[in-house]
Structures are given as structure tokens and as C-alpha cells.
Amino acid sequence: MAHHDNDYDMDMSDDANEDLNTRNSHSNGASRTQDLGKTKAGSKNAEGSRARWEAGAQKNWDLHEGDDGNLSNVLGGMEEATKRLRLQKDTTPLQRGIIRHCLLVLDLSLAMLEKDLRPTRFLLTISNTMSFVREFFEQNPISQLGILGMRDGLAVRISELSGNPNDHITALKELRNTEPKGAASLQNALDMARAALYHTPSHGTREVVIILGALSSSDPGDIHATINACVRDKLRVTVIGLAAQMHICADLCARTNSGDTSSYNVALDEQHYRELLLQITTPPVMRTTKSSPNTTEASKSALLQMGFPSRYTEEKATLCACHGVLTQGGYNCSRCAAKVCSLPQTCPACDLTLILSTHLARSYHHLFPLLLWNEVSWSRAVQKKSTRCYGCLSPFPHVARGGDGVAGAGQGKRAEGASESSRYECPSCERHFCVDCDVFCHEVVHNCPGCTSGRVMADGDGMRGNGDQEDGDVVMNGHVNGSNSNGNGFAVAVAA
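Under the working numbering, the first residue of the sequence shown is numbered 9, with each subsequent residue one higher.
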């Protein structure tokens, strides 16, 4: 008697084997047919219950075309929704520190060699940091920035605290040629940042931005004591994680930001990483001190002396006081007449802040941000009779009417966040603009062309923010100048 399945096969005759193979082929064919039917039925049931993270590329065949037979209206709406997505932010006028002293701390440990962020965490961080430096000084021209690094359990200085973006970009280009190594140390980085920001003036903010790719910190002592020192020195710490969330980072951000945990985020992908970094270019909101809850840190400095020198040229090159380089032109300090080669700059002789008037004007829009523009419906477009963009004069889509006379009938459904009429209306002047002018005005100009043109509206009320301001109030970006969310005015006094 056979004791194994193979023994049965060996004992059977050739005729029996042929008959058995025939029966098995028929049974296997039937089972495959049944399994295929179950798979198709199961895929249909799983299609509706698929999780969001399981969804793949969007199905273009699910787009609904308009009555004219094309998809341009639908695809254009998706593009508009993508452009306007980054404009959805709070426009409440708050007191913000427009003079910032920020230190950017980069992780240069072995964890930055991971390739989950293409091409590597390190190379992507260098690229995003260069974009951050340019955007930081574009939005904060009278602020200062410095860059530190964490490698081999130590903190290294990459660039000094400076208001010249070229110094930082040059240092980052040299850093690209190095190789990450060792472990990161949060405590050493925080101690070096505290020492660099200790002597900064009280009228500016003290901020530390940490980009952390490691999941551990090699610290020589008690990091909680260092966190207490950061709270005592009024440092604001923001952390962007590249791997996973860490409890010590969450505790660090919460304690240095008055319990606000929104300053700690983990990047999901390359695009999210870039967005998190560029969000920091907006100045932070000033906090209320414990000693006097009705006053803020900004109110301690009523006057800030600044110089506004004019550029001049020389026949013979002379040394500048800031870098010791021969130049044929520059700026003379308004107080001591020392020569500096570029602005903004702190006079190396008398410590007077030297800027241009345009630098101060570019920082002012953070106090009164431009209000978000509203999406215009077809009925509103018919009411306003707008045919061209008020900013660039581009023609708007014509208002089509269906058989029942409804405006916009048959135009097709657009993506969420995009105006169905491709028009966007300023709530202050009620002018209509295209999506490109919307993005340009909110990200570059920070002013509404309709509001600044000074045209009087048809109802005779003039350019108004809410229609009921008193005489003498000036509307700035839809806000009444001199007011904010808590009713306290914010004035910047500058003595030249």
C-alpha cells in the first residue's frame, strides 16, 4: 500500500493517468471561469469602497463635456482650481513682526541620503532651501537670515546672520558638494541658534526653522533644559520632518509657540515639502506678553531709527566698510557716512539699519493682506456685464443661455475652487479679474488694480472696504487702515 500521494501516481496505469488528466483539465477550466467571474464582480464592488490613498490617476473618461462637445471648460477649471489653491489663507489683518531674525537649521546626517524624496533628501533640501532664501528676502526685505547644519553630532555654521541673499545661496552651492554623515543633534543646534540670536534687538522676532530627516537626536545633555532656555529667550521654533513625527519635536514646537502645534509638520511628498517651507516666509503673528495682556511685544519699541541713503557712483574704486571690497559705488550711512555696497544693511560702524523706502513698502502688505476674491456666478456676470479682465483686458467666456433662458446653461461643471464663469471679483471695488491676475495680485503685487485706480463706483460711495468707514479712514486692500482683529491699531514709526 502506498503511503504517499506520489506512490499512488506511480502505481496507476497509463490509461488511468490519461483519464485522470482529462478530468482535471475540465475541472480546472471550470474553476478558472468561476474565479474570473468572481474577480470581475469583486472589482466592481471594490471600486466604490476604495480608500482615498488607493486611488490612482484621475480617469479622463469620467469628465463631462459641455453642450459644445469639448472639454476645455472642464480642464480649464481644474487648472484654475490648482492656481487658486495656494491663495486660500487667512487675510485677517494681525500684528506681525516684519523685522525678523531667522536661523535655518539643516539636517546633514546620514538620514538625508535616503531616496524617498527624489533625488535624495539632501539634494532636494538644498534646492528647496535656495528657493526659500530668495522668497524669504522677497517677502521680508528688512529681515535677516542665517543657516546652520547638524552633522556628526555637532552643529556647524554654514552662513552668518545676514540680509544679503547672495551670501546664503553661495554657501548652499558649496554645501551641495559635501556629503551628509554622522548623526543629528537637536540640542547642539538649539544652543548655537540661541547664542546667535541672543544679541538681536527686541523689536524683531527670533525664529529657528529646523529641517529634520533623522528619527533620533544625539545630544550631549538634557535637551529639555535647552527647550526651557529657548522658551526663556523667546525663540520660536518651527520643525519640518522628512521621515515621521517625533514627540520631542512636537513638545519643542508647542512650548516655544505658546501651545500652538501647527508649527510642526511632516512632509508627505516633494510638493508638500516645498509648500511647508515657503509658508514660513509669512511673518508670524505677534504674541501677547504675560506681564501685560493688553500689550504686545511690538508695542515695546515705539521708535526704530533707520537710514534711507541714496546710491552714488565714484570715479575711483574705494573700499566698502561692510566687506572690505573695492567698489566704484555704494551707499553712505545717513549717520556716520560709512560706505556700504548693498542694501538692506546694518552699518558696520554705528549699527544703524540702512534700507530703501521700497523695502519698507514691500514689508507693509503683511499687515494688511489683500482680501481673497470671490468666485463669480453666471448670474453675477450678467448683472455686472463684464466682458474683459480689468487687469489684463483678456476676454472672458461669453455668457451662454439655454433654452429656458438660464445664464451659463450647458457650460459643464467645473472643478471645485474654480469660478464657473472664469471671473473673480474683488469684494472691495467689485471689479472682475481672470485667474492669472488673481494669482499675480495676491502673490506678487499684493494690491488690487481696481482699488488702486481710484475710480468712483456707480453708486457714488467711492472706494470702500465695508461701506461704513468714517471720514479720514483709508482703505488698504479692502481693510480700513489702522484697524485689526482685536481693535488695537498698529503703527510703525520710523526715524531717519
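Beta carbons: idealized from backbone N, C-alpha and C, even for Gly.
Query	Result
Using a Cβ-Cβ cut-off of 8 angstroms (strictly less than) and excluding sequence neighbours within five positions of residue 356, which residues of its own chain qualify?	329, 330, 346 and 348
Pick from 268, 350 and 246: whose alpha carbon is nearest that of residue 214?	246
With C-beta atoms as the reference, is residue 221 less than 9 angstroms away from residue 198?	no
Suppose you measure from the CA of residue 545 to the CA of residue 217; what does that come to, to the nearest Å?	The structure shown does not extend to residue 545, since the chain spans only 9 to 504, so no value can be given for it.
Check whether the Cβ atoms of residue 290 and residue 103 sit closer than 9 angstroms, and answer yes or no.	no
Would a C-beta distance cut-off of 9 angstroms place residue 317 and residue 342 closer than the cut-off?	yes
DSSP on residue 217, reduced to helix/strand/coil?	strand
If you pair each beta-carbon of the segment 225 to 233 with each one of the segment 193 to 208, do three or more pairs fall below 8 angstroms?	yes
Would you mind reading off the limits of the alpha helix (DSSP H) that contains residue 278?	278 to 287
Excluding sequence positions up to five away, which residues of its chain have a Cβ less than 7 angstroms from the Cβ of residue 162?	193 and 196
Since residue 352 and residue 398 are thought to touch, with beta carbons under 8 angstroms apart, how far apart are those beta carbons, to the nearest angstrom?	Not really, about 34 angstroms apart at Cβ, beyond 8 angstroms.
Less than 6 angstroms between C-beta atoms, sequence neighbours within five positions excluded: which residues of the same chain meet that for residue 432?	381, 441 and 446
Select from 130, 224 and 374 the residue whose C-alpha is nearest the C-alpha of residue 150.	374
Among 224, 378 and 157, which one has its Cα closest to the Cα of residue 451?	378
Indicate the three-state DSSP secondary structure (helix, strand or coil) for residue 111 in the structure shown.	strand
Can you give me the Cβ contacts of residue 46 inside the same chain, cut-off strictly under 6 angstroms, excluding the 5 residues immediately before and after it?	Per-residue confidence for residue 46 stands at a pLDDT of 47, beneath the threshold of 50, marking its modelled position as unreliable; no derived number is given.
Is it a yes or a no for the segment 134 to 148 touching the segment 179 to 191, going by three-plus beta-carbon pairs under 8 angstroms?	yes
Taking 7 angstroms as the limit between beta carbons, can you name the residues of its chain near residue 274, skipping five residues before and five after?	249, 252 and 253
Does the segment 255 to 263 come within contact of the segment 118 to 125, defined as at least 3 CB pairs closer than 8 angstroms?	no
Going by CA-CA distance only, name the one from 235, 243, 449 and 430 that's closest to residue 110.	243
What are the partner residues of residue 246, as DSSP defines its beta bridges?	217
Would you mind working out which of 403, 186, 386 and 359 sits nearest residue 429, comparing C-alpha positions?	386
Hey, residue 200 and residue 240: beta-carbon distance below 9 angstroms or not?	no
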